[in-house]
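These notes are about the structure you will find just below.
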Amino acid sequence: MGLFARKRKSGIVYYISFVWNGKQVQERAGTDKRAAQQLERQRKREVRDATYQPDMSSARPTLGEYADRWLARRRTRTVADDRSRLTLHVLPFLGALHLDEIRPKHIRELVESLRERETIGPKTIRNVYGTLRTLFRDAVVDELVVATPCVLPKGALPSVPNEE
């Protein structure tokens, strides 16, 4: 098993290599070295425990695929609101990206695009961001991403006016 990099026009792409059922398997792991190392460790565990399945789509789910699974196992009062926030605001913007490809700049661009809409209030934007932050926290726990990309600088989220 191993990790190796290849130079492409778009930059460096990492691959992992391992033996499964007597065959050499190579899998694209993305452009982030830490995420590639994490995927390599995950594949080692799966091969060792005989749980590896060569279905590539489950190895690197998109945000949309993971959101469906995340919402299905969610047992909070806000699950309907979370589904609505993701469906209306997040998935049209980021849903096709793989979880490990989403960076803080994507989250910042999402928040900026929501702020530009005049039909969405600041509280809604903060709720959308909170739902996305919780989703990525769970993705870290599920070992699908190394770290959450939901780390915005101070002032990036709109302030909510005090209600009197």
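Following this note's numbering, the numbering of the sequence shown begins with 309 at its first residue and continues without gaps.
From the three backbone atoms N, C-alpha and C, an ideal C-beta is built for every residue, glycine too.
If we call anything under 8 Å between Cβ atoms a contact, is G403 one with T370? Numbered from 1 along the sequence shown, position 95 holds the residue referred to as residue 403. Numbered from 1 along the sequence shown, position 62 holds the residue referred to as residue 370. Cβ atoms of G403 and T370: closer than 8 Å.
Are the CB atoms of H406 and R368 nearer to each other than 8 Å? To locate residue 406, count along the sequence shown from 1; it is residue 98. To locate residue 368, count along the sequence shown from 1; it is residue 60. Contact flag set, yes.
Here's the rule I'm using: 16 or more other beta-carbon atoms within 10 Å means buried, otherwise exposed. How should T359 be labelled? Numbered from 1 along the sequence shown, position 51 holds the residue referred to as residue 359. Answer is exposed; the Cβ neighbour count stays below 16.
Sub-8 Å separation of P430 and S392 beta-carbons: Translated into the one-based positions of the sequence shown, residue 430 becomes position 122. Translated into the one-based positions of the sequence shown, residue 392 becomes position 84. No, they are not a contact pair.
Under 8 Å, do L460 and I415 count as touching if we go by C-beta distance? Counting from one through the sequence shown, the residue named residue 460 turns up at place 152. Counting from one through the sequence shown, the residue named residue 415 turns up at place 107. A contact, by the Cβ cut-off of 8 Å.
Among Q345, N329, W328 and K331, the one whose alpha carbon lies nearest that of F312: Working through the sequence shown from its first residue, we reach residue 312 at position 4. When only C-alpha atoms are compared, the closest one is Q345.
Mark I324 as exposed unless 16 or more other C-beta atoms lie within 10 angstroms of its C-beta, in which case mark it buried. Position 16 of the sequence shown, counting from 1, holds the residue named residue 324. Per the 10 Å Cβ criterion, buried.
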